[in-house]
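Reading through the structure tokens given below for one structure.
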Amino acid sequence: MTAPRILVMIPTYQERENIDRVLDRLFAAVPEADAVVVDDGSPDGTGDLVEGRAAGDPRLHLLRRPRKAGLGPAYLAAMAWGLERGYDVLVELDADGSHPPETLPSMIAALDGPERPGLVIGSRWVPGGSVVNWPKAREALSRAGNGYVRLALGIRVRDATAGFRVYRAELLRRLPLARIDSHGYCFQVDMTLRTLDAGERIVEVPIEFREREFGESKMDGGIVVEAMRRVTRWGIERRILRRHPRR
């Protein structure tokens with residue numbers, strides 16, 4: 050049986066201090082994987098650093114975009130790039146070191162587990178999952194946000210906002226990726242919901258999530274507001290549809 054072709058997608062903006070460490074850990078954990086970095090015109094030269102490294106490593110690729118345009122569009126660009134090139138498994142990984150690449154082998158293996166999921170999520174909020182060096186207020190916000198997502202959308206996923214994910218390419222080919230317009234971390238909830246609505250299973254694997262050591266978080270109030278507004282709208286739409294199903 051042919052081994053699956055794995056592509057790890059890493060969006061970056063101002064991650065020069067972190068990207069080398071993340072790539073070193075990734076290729077040590079999953080040496081057979083390729084990686085594509087999607088850089089949104091980082092003023093700190095993140096893209097140039099990756100370009101120089103890619104010149105000596107055929108596993109590494111760079112997609113440059115002219116300006117910061119959001120997490121969702123960066124991942125969608127990487128997904129399109131990977132699907133065009135025939136990868137079988139596509140992975141989302143943050144560039145800041147918060148996601149442990151060492152957990153990727155078990156997450157990838159879970160695709161072939163008994164549930165045959167279309168999506169595996171590296172989860173902070175299932176038994177065995179944890180966060181390290183997070184302020185209590187931010188942990189409370191994440192837990193509350195995920196609780197609201199479960200309540201509003203009627204789903205059971207414990208960490209629907211998580212950004213550490215492994216997708217089957219065959220699932221992504223079935224989703225209307227060109228029509229997705231979620232930009233911030235709401236993108237992760239959007240993709241979770243679309244995966245479930247496509248009839249695919251989701252498996253959550255516990256991870257230890259660590260707060261970044263270098264650089265600044267891209268999370269801000271606007272991202273949270275976008276997520277809550279959209280989740281509320283989706284929840285209302287789903288309730289209306291359940292009461293008045295299309296015929």
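Each residue of the sequence shown is one higher than the one before, counting from 50 in our numbering.
Each residue gets a CB set at the ideal place from its N, CA and C atoms; glycine is no exception.
It should be emphasised that the depicted structure is a prediction, and the values quoted were computed from it without experimental measurement.
Residue environment: threonine 281 is assigned as exposed (fewer than 16 neighbouring CB atoms within 10 Å of its CB, all protein chains considered). Note: methionine 58 is bridge-paired with Val85 and Glu141 in the DSSP secondary-structure output. The beta carbon of tryptophan 183 sits closer than 6 Å to those of Glu260, all from its chain and outside the five residues before and after it, given in chain order. In this structure glutamate 219 is exposed. Its beta-carbon is surrounded by fewer than 16 other beta-carbon atoms within 10 angstroms. Under the three-state reduction of DSSP output, serine 191 falls in the helix class. When Asp143, Met156, Pro60 and Ser155 are compared, the shortest CA-CA separation from arginine 116 is found for Pro60.
One alpha carbon belongs to arginine 243, the other to alanine 103, and they sit about 33 Å apart. The beta carbons of glutamate 141 and arginine 250 sit no closer together than 7 Å. Note on geometry: alpha-carbon atoms of methionine 277 and isoleucine 55 lie some 32 Å from one another. A distance below 6 Å between beta-carbons, with the five flanking residues on each side excluded, links tyrosine 216 to the following residues of its chain, in chain order: Leu139 and Leu168. In this structure, DSSP gives arginine 282 a helical state, which the three-state scheme calls helix. Closest in C-alpha terms to leucine 221, from the list Gly96, Leu245, Val181 and Gly94, comes Leu245. A contact between stretches requires three or more CB pairs, one per stretch, nearer than 8 Å, and the segment 233-240 fails this requirement with the segment 147-154. Across the set Gly101, Trp283, Pro107 and Asp83, the C-alpha of Trp283 shows the shortest separation from the C-alpha of arginine 199.
Secondary structure in the segment 162-190: the beta strand (DSSP E) runs of 3 residues or longer, each lying completely within the stretch, are 168-172 and 179-181 in chain order. Taking the Cβ atoms as the reference, alanine 159 lies roughly 6 Å from valine 254, within the contact range of under 8 Å.
Taking leucine 202 as the centre and dropping the five residues before and after it, the same chain places the C-beta of Leu242, Val280, Trp283, Gly284 and Arg287 closer than 7 Å to its C-beta, in chain order. Residue state for arginine 74 is assigned as helix, using DSSP reduced to three classes. Going by beta carbons, tyrosine 62 and aspartate 89 fall inside the 7 Å limit. Nearest to valine 238 by C-alpha distance, out of Ala82, Arg223 and Arg205, is Arg205. With a threshold of 16 other beta carbon atoms within 10 Å, aspartate 73 falls short and is exposed. According to the DSSP assignment, glutamate 100 belongs to the alpha helix (DSSP H) that extends over 95-103. In the three-state reduction of the DSSP assignment, proline 92 falls in the coil class, being assigned neither a helical nor a strand state. As the crow flies, the alpha-carbon of glutamate 66 is around 30 Å from that of asparagine 195.
Collapsing the DSSP output to three states places proline 154 in a helix.
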